[in-house]
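According to mature numbering (1 follows the signal peptide of the UniProt record, and there is no 0), the stretch in the sequence shown is residues -22 to -1, 1 to 932, in order. Glycine included, each C-beta is placed from N, C-alpha and C at the ideal position. What follows is a short report on a single structure.
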Amino acid sequence: MLSPPFPWFAFWVSFLVALARSQSPVQTFFPGSIPLANRSPYLSAWHPSQNGSGEVSSSWPTFWDQKNILGWSGKIRVDSLTYNWMGGDAGPPNSGNVTNVQITPTRSIFTMQAGPMNVTVTYLSPIEPSDLVLQSLPFSYVSVEVTSLDGQSHDVQIYSDISAGKHQYIESIIRGWRIMTTRTEWLSGDRGGSTVTWSQNTSGGSIFHEIQLQSPKKDVEVGDQQAQDGTAYYAMANRQGLTWQIDKDTVVRGQFHTQGSLANTVSNAFATISPVFTVYGIAVDLGQVQTTPEPVTWAVGYVRSPSIAYTKPDSTVEQLSPYFVTKYGSNIGAAIDDFTAGFADALQRATAFDAAVIANASAVSSQYVDLVSLAARQSLSTLDITVSTGSDGNPNASDVRIFMKDIGASGTTARINPVERIFAALPTLLYVNASWVGPLLAPILDAQDALTAAIPYAAQDIGTAYPNATGTHGVHTQGIEQTGNMLIMLYAHARFTGDGSLLLKHYNLTKSWADYLVSNTLAPSGQSDADGESSANMTNLAIKGIIGVKAMAQISHAVGKDSDGQQYDSHAAALVGQWQSLALSSDQKHLLRVYNDQTSWALMYNLYADRLLGTNLVSDTILQGQTTYYQTQLSSVPAFGLALDNSALGTSAAWLLFTAGTVTDNSVRNSLVQNAWIRASSNLTANAFADQYNVQTGAVTEGAAGPAVGGAFSLLALNLTPQTISLSGSPSSANSNPSSSNTSHSSTPVGAIAGGVVGGVVLIGLIVIGVFFCLRRRRRDQAPQSEKVDITNEPHRPALSPYTYSTEDGRTGSYNTNRLEGGMLGAANASGPLELIGSNTSLVPPTTPDSGPYSSQSSKMRELSLNARLAYAESLSGSSNVGSQAGSQAGSASSREPLSPGATRSTHSASRSAGGSSLSPTDVLGLRAEVENLRRVMQEIREERLAPPPEYTG
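Structure representation (structure tokens):
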């Protein structure tokens, strides 16, 4: 009997396993730049991926501007042969051959081949919705895993460094290669005259290099908006085979090339950034391996503390520190220890977050998945989360303020908390953690509380030179634009967190803003919008102001000012009626860009706010007409999509995606998504994801690497569940999770359907009768319960779910619902100020629906349904320990786990309210709208008699 050929059998099994594990989804998305480390306005590293440029393994990363190179190198040594996996200091054949790139909301994953090894490089910039300490910590990961392609063990060492000096790199041209020299730096935009100092540190759990300017300049930017007062760090958790070295690049990289290890020495020859180029290297010797037992992981960081110079309303300047100091103080070593040791857990959370977002976005299209994946890190990395210092000298964890940098805007400096950019990014903020919106708006509100007499409308920002929040700066022409934005965002924040403290604190300010809109919004004159348009009587601008008035009505009801609320309800109803008569084309089929200009049209993206807030000012008939008109326009568009209007050559990715959230047809929605995707996937030029660009050439006009692309989450945000608004303390509901279907927001008690399976038919009849009398009583009393208004379930809504996570006690949440007292997050609880949701969170991505993207279940039935929202196959470990097994599992997740699409039905309710208590001309128009609402409600009731009973899941 012949013996089986075990050596060959083992070889082929190993080979096939390695081949299978090396396979990744085929790349179909080709952005002009790929995010690498994106955690704050000043930690922003990108791989320029313009068509014809070098791969990540043969080119240098850059700052967000794509001009200033950041010296960041990576090498792998296999059987004494060295290959690049990052950096431009080596050309073929000594650079890895990149075979695939995958982009998720938190990660950029590069697969490449280096000799006989398959190499997976994962750049992870965590998004931490449930922990402000982790979210505010400006550090990012890069990890490397290897697998043998031939089934044999190989001698492997892996190396990486960051640098503070100029670099040579080899650039591909049509004929051969050429060597070029450029200056690089992580610390300053001044590449020639700044002296750099450094040190090497060993702490309890890690080793790290610390690099800073010898003479930093506080709160100053140089060059293309790089700070002058930060400290860069490069770190790794202590592990077997780790060596390090600080010296000139030729010395350190040469040492690794020849020895496969570093010398554990520091050169103290401090020098200028250029022409001397010092590198800060860390290497790991894996020995003979077929595959990495755990990823080899570095942490890169750029820390500024304090981070914001904030001018308070009394004109004193306060230095605000990053939020993570509430846990670590000035002990950056402890923060680095926790960050490096926490990689496995961070990767699990990131993988779960990615899976949930991708599953939700997949219910729209694969192109929509690409857009939200590219937008997430970019939009959130424009934020600095800060705290003040208390009178005792310690960080005040209850005084949280968030600041946004207007990255990518025209000019040499960037505005701080630009209102229209926050509005564009609002869907991402609401989806990830709606409670962050409050501390972002609070500084803008505080700066204006005493200015209403002089300036009756909202400011554009609170400073023009980040990071200096110097306050508002006088009159401007965007009164309707910014006032509408602020009222909409204030109500959205309260609606999706249940936190009404900002509404109460700033009620007089917002009331004066609403009065300004009532007087000015219907016929805008001398006004400009966020796109720089300044025509009189702009339809899209006018409706934003009207929605702002309606938002103020909801705000008034929420704070108990029902008389004011009824007045603003009446104003909004009257204004929208007049607006409709002025804005519709002569054939009544679509909205005009400018009143009475029958040749004009525009993307009516401001209608999105009406859908998001559930205010239902604009009828379905108008939305359907707009959808049909867009479909006609989309049949013939320029190379890079539909323009903003008939007079424009430019467009906006955010506004295209806002518009997609207003249409009533899936194919039109997907076409608008595709229009935004076409430019995002164009690598004809090297630039980060841009919001504004020319539709004919694709040339970027503004917003590259900026926050506005957060509008990509517009479709996902439409499915957030509103909360009952509370003015103080915790929300009244025991389960305050906006994503939980167990929280009732309707007038019909959920308990009434506990036996729904048995008595379903009888129950439906009772519900119909109850809804009818409830609506009649509501209209008779004319006291709308606006704080309980839910998002309407219009038939065109994609059935998507918000990102959701669960906690150790079994609760689930979409975001933290801690109160904002005086515009700040509530004081720390007994468990400490850092634990917003829970120290051990596990993500719950949605399950696949058993119906199409739109549910046919009636809105009233959905309102009463007790659907189980989400389920997840695995709970995430709460341990922060990183062991070989955990690391290995995490490594697999980083690049090999499929991100399976899925979706879930949402359970939202519809509520329409309007009214007034007098018979003024305004009220007559309001009553007319009320009658129309009643007619629609009766039609819904008739339809519901034929609807099937609700389905229940355990």
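Q. Smallest Cα separation from Trp222: which of Thr236, Thr228 and Val244?
A. Taking the first residue of the sequence shown as position 1, residue 222 is located at position 244. Taking only the C-alpha atoms, the option nearest Trp222 is Val244.
Q) So what does DSSP say about Asn720, is it helix, strand or coil? A) Here the question's residue 720 lines up with position 742 in the sequence shown. Low confidence applies here, because Asn720 scores a pLDDT of 33, under 50, leaving its location unreliable and the question unanswered by this model.
(Q) Considering only the alpha carbon of each residue, which of Thr275, Val262, Pro83 and Leu298 lies closest to Val338? (A) Along the sequence shown, read from residue 1 onward, the residue named residue 338 stands at position 360. The sequence given here places Asn at residue 338; Val does not occur at that position. Among Thr275, Val262, Pro83 and Leu298, the Cα nearest to that of Asn338 is on Pro83.
Q) Measuring CA to CA, which of Leu352, Ser141 and Val99 is closest to Phe8? A) For the purposes of this step, residue 8 is identified with residue 30 of the sequence shown, where counting begins at 1. Closest option to Phe8, Cα to Cα, is Leu352.
**Q.** Leu404 versus Val76 - alpha carbon distance
**A.** Numbered from 1 along the sequence shown, position 426 holds the residue referred to as residue 404. Numbered from 1 along the sequence shown, position 98 holds the residue referred to as residue 76. Roughly 36 Å between the two C-alpha positions.
Q | Nearest-angstrom Cα separation, counted from Gln192 out to Asn648 | A | Sequence index remark: in the sequence shown, residue 648 carries index 670 (1-based). Sequence index remark: in the sequence shown, residue 192 carries index 214 (1-based). The straight-line gap from Cα to Cα measures roughly 53 Å.
Q. Considering only residues of the same chain and omitting the five flanking positions on each side of Arg355, which have a CB-CB separation below 6 Å?
A. Locating residue 355 in the sequence shown gives position 377, counting from the first residue. So the list reads Pro13, Asn16 and Ser103, once near-sequence residues are dropped.
Q. Where do the ends of the beta strand (DSSP E) carrying Asn661 lie?
A. Stepping through the sequence shown from its first residue, residue 661 is reached at position 683. No beta strand (DSSP E) holds Asn661; DSSP gives it neither H nor E.
Q. Helix, strand or coil: which one does DSSP assign to Tyr485?
A. Within the sequence shown, residue 485 is the residue found at index 507, counting from 1. If DSSP states are grouped into helix, strand and coil, Tyr485 belongs with the helices.
(Q) Out of Ala333, Gln91, Gly371 and Pro396, which one is the CA nearest neighbour of Thr360? (A) Counting from one through the sequence shown, the residue named residue 360 turns up at place 382. With distances taken between Cα atoms, Thr360 lies closest to Pro396.
Q) Looking at C-alpha atoms only, which residue of Gln204, Thr577 and Val229 is the closest neighbour of Asp565? A) For the purposes of this step, residue 565 is taken as residue 587 along the sequence shown, with counting starting at 1. Asp565 has its Cα closest to that of Thr577, out of Gln204, Thr577 and Val229.
Q: Could you name the residues that DSSP lists as bridge partners for Phe88?
A: What you label residue 88 is simply residue 110 of the sequence shown in a count that begins at 1. BP columns for Phe88 point to Val79 and Val99.
(Q) Please classify Thr364 as buried or exposed, where buried requires at least 16 neighbouring CB atoms within 10 angstroms. (A) What you label residue 364 is simply residue 386 of the sequence shown in a count that begins at 1. The residue is buried, with at least 16 neighbouring Cβ atoms inside 10 Å.
Q: Say whether the region 200 to 219 touches the region 229 to 236, bearing in mind that this needs 3 or more beta-carbon pairs closer than 8 Å, one atom from each stretch.
A: no
Q: Identify whether Asp263 lies in helix, strand or coil by the three-state DSSP scheme.
A: In the sequence shown, the residue the question calls residue 263 occupies position 285. In the structure shown, Asp263 sits in a strand (DSSP, three-state: E or B).
**Q.** Contact belief for Ser126 with Thr269 at Cβ below 8 Å, rounded distance in angstroms
**A.** Translated into the one-based positions of the sequence shown, residue 126 becomes position 148. Translated into the one-based positions of the sequence shown, residue 269 becomes position 291. Correct: roughly 7 Å between the Cβ atoms.
Q) How would you call Asp332, buried or exposed, if buried means at least 16 neighbouring beta carbons within 10 angstroms? A) For the purposes of this step, residue 332 is taken as the residue at position 354 of the sequence shown. Answer is buried; the Cβ neighbour count reaches 16.
Q | His451, buried or exposed, once every other Cβ within 10 Å from all chains shown has been counted against 16 | A | Stepping through the sequence shown from its first residue, residue 451 is reached at position 473. So His451 ends up on the exposed side.
Q. What three-state label does DSSP hand Lys539 in the structure shown?
A. Here residue 539 is taken as the residue at index 561 of the sequence shown, counted from 1. Coil at Lys539, not helix or strand.
(Q) In this structure, how does DSSP classify Ile466 when only helix, strand and coil are distinguished? (A) As a position in the sequence shown, residue 466 is number 488, starting the count at 1. Here Ile466 sits in helix by DSSP.
Q.
On the criterion of 16 or more Cβ atoms from any shown chain inside 10 Å, does Asn498 qualify as buried, or is it exposed?
A. On the sequence shown, residue 498 is found 520 positions in, with the first residue counted as 1. So Asn498 ends up on the buried side.
Q | Extent of the continuous alpha helix (DSSP H) run through Glu398 | A | Position 420 of the sequence shown, counting from 1, holds the residue named residue 398. Val397 to Asn411 is the extent of the alpha helix (DSSP H) around Glu398.
Q | Per DSSP, cross-strand counterpart(s) of Lys383 | A | By one-based count along the sequence shown, residue 383 stands at place 405. In DSSP, Lys383 forms a bridge with Ile394.
Q.
My assumption, with CB atoms under 8 Å, is that Arg393 sits in contact with Leu298. Please give the rounded CB distance.
A. Within the sequence shown, the letter at position 415 stands for residue 393. Within the sequence shown, the letter at position 320 stands for residue 298. Contact doesn't hold; Cβ gap of about 17 Å is too wide.
Q: Note down the Cα distance separating Ser108 from Leu662, rounded to an integer number of angstroms.
A: Against the sequence shown, residue 108 aligns to sequence position 130. Against the sequence shown, residue 662 aligns to sequence position 684. Rounded to the nearest angstrom, the two C-alpha atoms are 38 Å apart.
Q | 7 Å Cβ cutoff met for Gln438 and Gln456 | A | Indexing the sequence shown from 1 puts residue 438 at position 460. Indexing the sequence shown from 1 puts residue 456 at position 478. Taking 7 Å as the Cβ cut-off, Gln438 and Gln456 qualify as a contacting pair.
Q. Would DSSP call Met582 helix, strand or coil?
A. By one-based count along the sequence shown, residue 582 stands at place 604. Three-state result, Met582: coil.
Q. From Lys383 to Phe401, what distance separates their C-alpha atoms?
A. The residue you call residue 383 lines up with position 405 of the sequence shown. The residue you call residue 401 lines up with position 423 of the sequence shown. Approximately 13 Å between the Cα atoms of the pair.
Q. In or out: Ala617 buried (at least 16 other Cβ within 10 Å) or exposed?
A. By 1-based counting over the sequence shown, the position of residue 617 is 639. Exposed, by the Cβ-count rule.
Q) Among residues of its own chain, excluding the 5 on either side of Val79, which ones have a beta-carbon nearer than 6 Å to its beta-carbon? A) The residue given as residue 79 occupies position 101 in the sequence shown. The residues are Gln5 and Phe88.
Q) Based on Cα-Cα distance, which residue from Pro39, Thr448 and Ala658 lies nearest to Thr289? A) Residue mapping note: residue 289 aligns to position 311 of the sequence shown, counting from 1. Minimum Cα distance to Thr289 is reached at Thr448.
Q.
DSSP has Lys567 in a bridge; who is on the other side?
A. As a first step, residue 567 must be located in the sequence shown, where it is residue number 589. According to DSSP, which records beta bridges pairwise, Lys567 is partnered with nothing at all.
Q: May I have the straight-line CA-CA distance separating Ile385 from Leu635, to the nearest angstrom?
A: Looking up residue 385 in the sequence shown gives position 407. Looking up residue 635 in the sequence shown gives position 657. Spanning the two alpha carbons is a distance of roughly 20 Å.
Q) What three-state label does DSSP hand Asp362 in the structure shown? A) Your numbering for residue 362 matches position 384 in the sequence shown. Note: Asp362 maps to strand in three-state DSSP.
Q. What are the partner residues of Ile136, as DSSP defines its beta bridges?
A. Your numbering for residue 136 matches position 158 in the sequence shown. Ile136 is bridged to Ile54 and Val262.
(Q) Pairs of beta-carbons, one from the region 19 to 33 and one from the region 367 to 379, closer than 8 Å: are there three or more? (A) no
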